[in-house]
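The structure appears below as structure tokens.
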Amino acid sequence: MTALKYLAGYPDALQQQVRELIAGDRLGPWLERRYAELHTVRNDRQLYDYTQGLKERYLRQSAPLSKVIYDSRLQVLKHALGTHTTVSRVQGSRLKASREIRIATVFREAPAPFLKMIVVHELAHLKESDHNKAFYQLCTHMEADYHQLEFDLRLYLTHLERTAA
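Read in UniProt numbering, the sequence shown has 54 at position 54, and its numbers run on one by one without any break.
Here's what the structure looks like:
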């Protein structure tokens with residue numbers, strides 16, 4: 001039985017269905033049919049503009065972002081597909097906060113819905129720091145298919161890992 005690390009928290013029956021797709025070489029073609037649409041967000045400036053557009057649409061009142069970049073140092077294997085950080089510095093008598101979002105470079109070539117899902121996830125952390133009910137409600141507010149996309153992204157990462165080996 002093959003271990004599916006990206007799907008470890010899912011029921012055994014569902015994992016078995018994925019194993020059957022992998023065994024029949026059907027996972028890749030299924031993903032290609034379902035997610036044929038690629039995005040054009042190739043560089044950091046375009047990623048910043050894309051993220052800022054989503055932020056303006058859904059989180060207008062949240063704190064401004066100072067940086068949004070693709071980061072090749074983020075390791076998918078360590079479960080870091082994106083990060084959000086807040087750095088506070090003292091400037092004179094004021095405390096200045098700088099917020100950054102970093103997205104793993106795997107999303108540069110990923111289907112468009114997966115990029116949107118990870119950006120939505122990181123934007124939601126601007127309002128909710130924990131992965132709680134309010135966090136996931138905010139994610140589904142910004143992307144109605146958030147949960148399905150998260151699952152399919154896990155399938156995509158499983159497929160990438162298998163084809164890279």
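Where is the CB? At the ideal position from N, CA and C, for every residue including glycine.
Whose C-alpha, out of P111, G24 and K116, is nearest the C-alpha of I156? Position 156 of the sequence shown, counted from the start, is the residue given in the question as residue 156. Note that residue 156 is Tyr in the sequence shown here, rather than Ile. Ranking the options by Cα distance to Y156, first place goes to P111.
Can you tell me which of E161, A164, M142 and Q148 puts its alpha carbon nearest to the alpha carbon of Y10? The residue given as residue 10 occupies position 10 in the sequence shown. Nearest C-alpha to Y10: Q148.
For M142, collect the residues of the same chain with a Cβ closer than 6 Å to its Cβ; drop the 5 residues on either side in sequence, then sort them by chain order. Walking along the sequence shown from the start, residue 142 turns up at place 142. Counting only Cβ-Cβ distances below 6 Å, and skipping sequence neighbours, we find Y58 and V120.
Round the Cβ separation of T51 and L65 to the nearest angstrom and send it over; I've been treating them as touching at under 8 Å. Taking the sequence shown and counting its residues from 1, the one referred to as residue 51 is at position 51. Taking the sequence shown and counting its residues from 1, the one referred to as residue 65 is at position 65. About 7 Å; that satisfies the 8 Å criterion.
With a threshold of 16 other CB atoms inside 10 Å of the CB of K133, please say whether the residue is buried or exposed. By one-based count along the sequence shown, residue 133 stands at place 133. The residue is exposed, with fewer than 16 neighbouring Cβ atoms inside 10 Å.
Cβ-Cβ distance between V18 and L115 below 8 Å: Translated into the one-based positions of the sequence shown, residue 18 becomes position 18. Translated into the one-based positions of the sequence shown, residue 115 becomes position 115. Against a cut-off of 8 Å, the Cβ pair of L115 and V18 comes out as no contact.
From the DSSP output, read off the bridge partner residues of L38. Numbered from 1 along the sequence shown, position 38 holds the residue referred to as residue 38. For L38, which the question treats as bridged, DSSP gives the partners P111.
Chain-order list of residues whose beta-carbon lies under 7 Å from that of I69 (same chain, five-residue window excluded): Here residue 69 corresponds to residue number 69 of the sequence shown, with the count starting at 1. Result list for I69: D44, L47 and R102, in chain order.
Measuring alpha carbon to alpha carbon, tell me which of T163, F151 and A164 ends up nearest L14. Numbered from its first residue, the sequence shown carries residue 14 at position 14. With distances taken between Cα atoms, L14 lies closest to F151.
On the DSSP bridge assignment, give the partners of K67 in chain order. Locating residue 67 in the sequence shown gives position 67, where the first residue counts as 1. Looking at the DSSP assignment, K67 forms a beta bridge with E100.
With burial defined as no fewer than 16 other Cβ atoms inside 10 Å of the residue's Cβ, what is the status of L106: buried or exposed? Taking the sequence shown and counting its residues from 1, the one referred to as residue 106 is at position 106. Checking the sequence shown, residue 106 turns out to be Val, not Leu. That one is buried.
So for G82, helix, strand or coil by DSSP? Your numbering for residue 82 matches position 82 in the sequence shown. Strand.
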